[in-house]
Amino acid sequence: MKRVLSLVLVLVMVLGAIVPAFAETATTTAAEMTAGEKLEAYNVIDGTDNGLEEDQPLTRAQMAVVIAQMYGEKAIAMDYAFEPTFTDMEEGAWYIPYVAYAENKGWMVGGGAGTTFRPNDVMSAQEVNAMFLKALGY
(Lines of atoms letter the chains of each structure in order from A and count residues from 1; the text may use other names and numbers.)
(Lines give C-alpha, C1' and ligand atoms only; values in the text may rest on other atoms or scores of the structure.)
Protein backbone atom coordinates (compact mmCIF):
# COMPACT_ATOMS: atom_id res chain seq x y z
CA MET A 1 0.00 0.00 0.00
CA LYS A 2 2.89 2.34 0.74
CA ARG A 3 4.22 1.78 -2.74
CA VAL A 4 0.85 2.63 -4.28
CA LEU A 5 0.60 5.90 -2.36
CA SER A 6 4.23 6.70 -3.14
CA LEU A 7 3.54 6.08 -6.82
CA VAL A 8 0.45 8.31 -6.73
CA LEU A 9 2.39 11.09 -5.01
CA VAL A 10 5.21 10.87 -7.55
CA LEU A 11 2.68 10.87 -10.37
CA VAL A 12 1.00 14.01 -9.01
CA MET A 13 4.34 15.77 -8.66
CA VAL A 14 5.44 14.77 -12.17
CA LEU A 15 2.14 15.82 -13.70
CA GLY A 16 2.46 19.17 -11.98
CA ALA A 17 5.92 19.66 -13.48
CA ILE A 18 5.32 18.53 -17.06
CA VAL A 19 2.48 18.67 -19.54
CA PRO A 20 1.14 15.27 -20.55
CA ALA A 21 0.92 14.72 -24.30
CA PHE A 22 -2.67 13.55 -24.46
CA ALA A 23 -6.03 15.28 -24.70
CA GLU A 24 -8.60 14.84 -21.92
CA THR A 25 -11.48 15.62 -24.24
CA ALA A 26 -11.80 16.48 -27.89
CA THR A 27 -11.74 20.20 -27.10
CA THR A 28 -9.56 20.42 -23.97
CA THR A 29 -5.91 19.44 -24.00
CA ALA A 30 -3.95 18.59 -20.88
CA ALA A 31 -2.01 21.82 -21.35
CA GLU A 32 -5.25 23.77 -21.09
CA MET A 33 -6.40 22.00 -17.91
CA THR A 34 -5.76 23.41 -14.47
CA ALA A 35 -3.98 21.31 -11.85
CA GLY A 36 -7.33 20.72 -10.13
CA GLU A 37 -8.94 19.55 -13.35
CA LYS A 38 -6.09 17.09 -13.88
CA LEU A 39 -6.47 15.72 -10.35
CA GLU A 40 -10.21 15.46 -10.91
CA ALA A 41 -9.62 13.56 -14.17
CA TYR A 42 -7.46 11.07 -12.23
CA ASN A 43 -10.17 10.74 -9.54
CA VAL A 44 -7.93 12.15 -6.81
CA ILE A 45 -10.38 14.97 -5.99
CA ASP A 46 -14.08 15.54 -6.62
CA GLY A 47 -14.70 19.16 -5.71
CA THR A 48 -17.71 20.52 -3.86
CA ASP A 49 -21.23 21.54 -4.85
CA ASN A 50 -19.59 24.75 -6.11
CA GLY A 51 -17.06 22.97 -8.34
CA LEU A 52 -13.36 22.53 -7.70
CA GLU A 53 -12.94 25.86 -5.89
CA GLU A 54 -9.25 25.95 -6.83
CA ASP A 55 -8.99 29.52 -5.55
CA GLN A 56 -9.85 28.36 -2.01
CA PRO A 57 -7.32 26.86 0.43
CA LEU A 58 -7.62 23.19 1.38
CA THR A 59 -9.10 22.58 4.84
CA ARG A 60 -8.16 19.80 7.24
CA ALA A 61 -11.57 18.14 6.69
CA GLN A 62 -11.11 18.23 2.91
CA MET A 63 -7.62 16.77 3.25
CA ALA A 64 -9.05 13.80 5.17
CA VAL A 65 -11.17 13.07 2.08
CA VAL A 66 -8.24 13.57 -0.32
CA ILE A 67 -5.98 11.14 1.54
CA ALA A 68 -8.72 8.49 1.66
CA GLN A 69 -9.25 8.98 -2.08
CA MET A 70 -5.53 8.69 -2.79
CA TYR A 71 -5.46 5.37 -0.93
CA GLY A 72 -8.51 4.21 -2.89
CA GLU A 73 -10.51 3.98 0.34
CA LYS A 74 -12.93 6.88 -0.04
CA ALA A 75 -16.03 4.65 -0.13
CA ILE A 76 -14.89 2.83 3.01
CA ALA A 77 -14.16 6.13 4.77
CA MET A 78 -17.50 7.60 3.69
CA ASP A 79 -19.37 4.75 5.39
CA TYR A 80 -17.10 4.58 8.46
CA ALA A 81 -19.39 4.04 11.44
CA PHE A 82 -17.18 5.20 14.30
CA GLU A 83 -17.06 8.74 15.67
CA PRO A 84 -13.79 10.65 15.91
CA THR A 85 -12.49 11.38 19.41
CA PHE A 86 -12.13 15.10 18.72
CA THR A 87 -14.33 17.49 20.69
CA ASP A 88 -14.80 20.13 17.95
CA MET A 89 -16.77 18.08 15.43
CA GLU A 90 -20.00 19.69 14.23
CA GLU A 91 -22.85 17.24 14.80
CA GLY A 92 -23.95 15.69 11.49
CA ALA A 93 -21.13 17.34 9.50
CA TRP A 94 -20.25 15.73 6.15
CA TYR A 95 -16.61 15.26 7.13
CA ILE A 96 -17.11 13.22 10.34
CA PRO A 97 -16.67 9.72 8.83
CA TYR A 98 -13.60 10.81 6.85
CA VAL A 99 -11.96 12.41 9.89
CA ALA A 100 -12.75 9.37 12.04
CA TYR A 101 -11.29 7.07 9.39
CA ALA A 102 -8.15 9.20 8.98
CA GLU A 103 -7.75 9.32 12.76
CA ASN A 104 -8.17 5.54 13.04
CA LYS A 105 -5.61 4.96 10.28
CA GLY A 106 -3.17 7.36 11.98
CA TRP A 107 -3.02 9.64 8.93
CA MET A 108 -4.11 12.76 10.79
CA VAL A 109 -3.98 13.86 14.41
CA GLY A 110 -5.55 16.66 16.43
CA GLY A 111 -3.93 19.85 17.58
CA GLY A 112 -2.87 21.08 20.98
CA ALA A 113 -3.55 18.35 23.51
CA GLY A 114 -4.98 16.21 20.70
CA THR A 115 -8.61 16.82 21.64
CA THR A 116 -9.47 19.17 18.75
CA PHE A 117 -9.20 18.59 15.01
CA ARG A 118 -9.95 22.09 13.65
CA PRO A 119 -11.79 20.73 10.55
CA ASN A 120 -12.26 24.12 8.88
CA ASP A 121 -8.69 25.34 9.43
CA VAL A 122 -6.48 25.66 6.38
CA MET A 123 -3.80 22.98 6.03
CA SER A 124 -0.32 24.42 6.43
CA ALA A 125 2.54 23.04 4.33
CA GLN A 126 3.97 21.45 7.48
CA GLU A 127 0.67 19.72 8.26
CA VAL A 128 0.37 18.39 4.70
CA ASN A 129 3.92 17.04 4.81
CA ALA A 130 3.37 15.46 8.24
CA MET A 131 0.12 13.88 7.05
CA PHE A 132 1.76 12.36 3.97
CA LEU A 133 4.63 10.99 6.06
CA LYS A 134 2.15 9.41 8.49
CA ALA A 135 0.12 8.00 5.61
CA LEU A 136 3.32 6.46 4.22
CA GLY A 137 4.05 4.91 7.60
CA TYR A 138 6.92 7.13 8.74
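The numbering of the sequence shown is the numbering used here, which starts it at 17 and goes up by one. Beta carbons: idealized from backbone N, C-alpha and C, even for Gly.
| Check | Outcome |
| --- | --- |
| Of the residues D104, V82, P135 and K90, the one placed nearest F12, counting alpha carbons only | This structure leaves residue 12 out entirely; the chain is present only between 17 and 154. |
| Start-end ranges of the alpha helix (DSSP H) lying completely within the stretch 56-140, minimum 4 residues | 76-86, 90-94 and 112-121 |
| Cβ-Cβ separation, T64 to T103 (assumed contact under 8 Å), whole Å | With a Cβ gap of about 25 Å, T103 and T64 do not count as contacting. |
| Residues near F98 by beta carbon distance below 6 Å, same chain, minus five either side | A116 |
| Selection from Y154, D137, T101 and G153 that minimises the alpha carbon distance to M79 | D137 |
| Rounded separation between I61 and Q142 - CA only | 21 Å |
| Backbone CA spacing between M74 and T45 [nearest angstrom] | For the record, residue 74 in the displayed sequence is Leu; it is not Met. In a straight line, the C-alpha of L74 is about 26 Å away from that of T45. |
| Cβ pair K90, W123 closer than 8 Å | no |
| Inter-residue spacing [alpha-carbon to alpha-carbon] between M105 and K54 | 31 Å |
| Close Cβ partners of L68 (< 8 Å) along its chain, the five nearest in sequence each way excluded | T50, G52, E53, E56 and I61 |
| Proximity below 8 Å, CB of P100 to CB of I112 | yes |
| Burial state of E48, where buried means 16 or more other Cβ atoms lie within 10 Å | exposed |
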